[in-house]
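Enquirer: Below are the structure tokens for one structure; questions will follow.
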Amino acid sequence: MNNALINLVAVQFRQYFREPQILFWSFGFPLLLVWLLGVSFSDDSVKERVVGIVLPANQVAAQADIRAWAARIEGKEHTLPSVVNAGDVKRSHLITVKFRFTYYNSREEVVRGLKRGDVQVFVEPDAASGKRVYYLDPQNSEAMLTYFFLGDDPGGLSRAIAKDMSVLEGPGLRYIDFLVPGLIAMAIMETCLISVGWALVDKRVTKVTRQMRITPMRKHDFLAAHVLACFVFSFMEILAIYLFAQNYFDVHAQGGILPFIVLIVAGNLCFAGISILAASRALKAQTASGLLEVTILLLVVFSGIFFSYKHFPDWMVSVIEVLPLTILADAMRKVFVEGAGVVDVAQAAVVLTLMGLGSFLAGLRVFRWY
């Protein structure tokens, strides 16, 4: 038996267990994340499928008819009739559906809600025949499921298209139109956290900041240099993503380049400030790595980058909506899919900038050189 090897392994274990922050990131945080995601995605309540309804203008009888139809369906749990072992299924919410209807006064309003992810399908009575016509993107699997669950006659796709389904096409309605603005927002966040947050911690761990401390350099100049360098890296990365998406997927910033640039600047200010605050006190690489990873992971999962956060439980949505990545991603999508201008995204840009400046000043105050 190699006693030296055993003793060296024991030393590693002692060093490991003497660091409470390492224990938290190794054991506490994974358990916390499992619980948080489990609570979010394992809700036993029946999931509501939100459907938009366009009310016919100046047609009182038609409006009353469509409202009466929705009232018979809304809020009730409907068991799927084709499940042969429905009586043996313990998790009954898996074989039941529930619908909630949102009313709109025009086609433009409901299409805007569709682009934002508020609804996936909308219904509009046909003026000539009075038949309910379902509008959706057939490439959206959730929208197709909602249509077949809700449709009067979902016996066959070709027959359904001919009768009561209209395929939606146009700028901003594809999933890629929803995804690219979110990925750009995520890229801004990750670039700032790595090029600012991790760079500061690395300099502290390798004692570089200790040497810089004895120079006449001012603290805010040191931190501002990291922020400005981050701006350059971020602009290069965002430009590459945008040009690729524009040429390969035909994704455009419909609101113009100016509001797009405003959000890029505001997003960089926000996350550069947050990065400085997150990295201002960490003395160990493990602690900094954990802080940065948890920030990236939680924001990416809950801020609606890959799917709409409106599908989370209501008690979470109110919290998610004030997260900085959510604010940035939502504003980016307004520019890309709704054609929003500078005035439309000004509030989001101001909020992000204030978040960044507040975090920068707090990080500047508590920043440690070594």
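Just add 1338 to the spot in the sequence shown (first one is 1) and you have my numbering. Even glycine gets a Cβ: it sits at the ideal position worked out from N, Cα and C.
(1) For F1587, which three-state DSSP category applies?
(2) Does DSSP put I1552 in a helix, in a strand, or in coil?
(3) Spell out the partners DSSP gives S1504 in its beta bridges.
(4) Enumerate in chain order the residues of its own chain whose CB-to-CB distance from L1538 is below 6 Å, with the five nearest sequence positions on each side excluded.
(5) Closest by CA to S1504, which one among S1479, L1483, V1461, V1534?
(6) Buried or exposed: which applies to L1690, given that a residue is buried once 16 or more other Cβ atoms fall within 10 Å of its Cβ?
(7) Can you find a heavy atom of the ligand PLP that lies under 7 Å from the Cβ of L1393?
(8) What is the rounded straight-line gap between the Cα of K1557 and the Cα of K1453?
(9) According to the Cβ coordinates, are L1663 and S1646 closer than 8 Å?
(10) Determine, using beta-carbon pairs with one atom in the region 1511–1530 and one in the region 1474–1491, whether at least three such pairs fall under 8 Å.
(11) Alpha carbons only, please: which of Y1586, A1348, A1466, C1530 is nearest the one belonging to N1606?
(12) Does DSSP put V1689 in a helix, a strand or coil?
(13) Is it true that the CB of V1600 sits closer than 8 Å to the CB of V1681?
(14) G1390 by DSSP, collapsed to three states: which one?
(15) Is F1674 near V1518, with beta carbons less than 8 Å apart?
(16) Please confirm whether R1438 and V1388 have their CB atoms less than 8 Å apart.
Expert: The answer reads as follows:
(1) Under the three-state reduction of DSSP output, F1587 falls in the coil class, being neither helix nor strand.
(2) In the structure shown, I1552 sits in coil (DSSP, three-state: anything other than H, G, I, E or B).
(3) Paired residues: Y1473.
(4) Answer for L1538: A1617, listed in chain order.
(5) If we check each option's Cα against that of S1504, V1461 comes out closest.
(6) Burial call: buried.
(7) Within the structure as shown, the ligand PLP is missing, as the structure has no ligands at all.
(8) Looking at the two C-alpha atoms, the distance is approximately 45 Å.
(9) Cβ atoms of L1663 and S1646: not closer than 8 Å.
(10) The region 1511–1530 is in contact with the region 1474–1491.
(11) From the listed residues Y1586, A1348, A1466, C1530, the smallest Cα separation to N1606 is found for C1530.
(12) It is helical.
(13) Taking the C-beta atoms as reference points, V1600 is found no nearer than 8 Å to V1681.
(14) DSSP places G1390 in strand when its eight states are reduced to three.
(15) The Cβ atoms of F1674 and V1518 lie closer than 8 Å to each other.
(16) It is a contact, given that the beta carbons lie within the stated cut-off.
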